[in-house]
Amino acid sequence: MTMAESEHSADPKRVLVSVSHKSPHWSMAWVAGGDVMAIALQLLKDRSLVSPNTGIHEDCLLLATDRWDLRTFIVFDVFHKTYDPRNAHIPGRNDLPVVSVFLHGKETVWPAGRQMENRVNKDVRNLHNSMGWGSQPPFTVDHADGKAPTYYNLRTSTEPPAW
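Residues 52 to 214 in this note's numbering are what the sequence shown lists, from first letter to last.
Written out as structure tokens, the structure is:
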């Protein structure tokens with residue numbers, strides 16, 4: 052790894068992991084998101100997108116696991132030292148560049164395009180808003196088998212209630 056790659060690999064980034072129902076990792080994606088996160092982190096290391104010394108516990112934050120019938124999505128941040136869940140629902144406050152990791156029949160890693168990056172960051176903001184004031188990740192959302200999540204404690208403004 053070159054010096055430029057090494058410096059770049061410590062930049063904060065958000066990782067979207069898409070686990071297909073055809074993946075050997077499917078069964079663990081919902082129940083052991085941290086294990087899938089470790090697999091994705093190793094793929095990032097193998098492609099020099101993060102330092103080989105990146106630690107799963109020291110440098111990564113699991114944000115969300117979202118299960119659907121054919122796919123489970125796991126989102127985590129790497130090197131996001133300024134992450135603040137109190138304002139993570141505010142546009143522009145916690146947006147990061149996104150890397151997509153696909154665990155299907157084969158494993159692939161791609162920098163997300165602008166449209167996907169915007170969607171992932173918006174979905175993370177929406178989860179913070181939906182889970183309410185004082186909520187902390189990791190968030191889990193289950194859409195499998197036709198489930199529709201219900202949220203009871205929405206953040207509806209940029210500031211928590213004063214009471």
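Glycine is no exception: its CB is placed at the ideal position from the N, C-alpha and C atoms. Quick caveat, the model's predicted, so the values are computed rather than measured.
Do you know how far the Cα of V149 is from the Cα of M167?
8 Å
Per DSSP, the bridge partner or partners of R206
R206 is not bridged to any residue.
Assigned exposure category for G164 - 16 Cβ within 10 Å defines buried
exposed
Cα separation between V82 and Q93?
19 Å
By Cβ distance below 7 Å, which residues in the same chain neighbour P142 in space, the five residues on each side in sequence not counted?
R176
Need the endpoints of the alpha helix (DSSP H) that S71 sits in, please.
No alpha helix (DSSP H) contains S71, which is instead part of the beta strand (DSSP E) from 64 to 71.
For R122, the three-state DSSP class (helix, strand or coil):
The answer is strand: DSSP assigns R122 an E or B state.
Quick one: grab the DSSP three-state call for A115.
Shown here, A115 sits in a strand according to DSSP, grouped into three states.
Sort H155, F130, Y202 by Cα distance to N2 and report the nearest one.
Lying before the first or after the last residue shown, residue 2 is absent from the chain, which here runs from 52 to 214.
L121 to D86, Cα distance in whole Å?
L121 and D86 have their C-alpha atoms spaced approximately 19 Å apart.
Does the Cβ of H76 have 16 or more other Cβ atoms within 10 Å, making it buried, or fewer, making it exposed?
Buried.
By how many angstroms is the C-alpha of A139 removed from the C-alpha of N145?
5 Å
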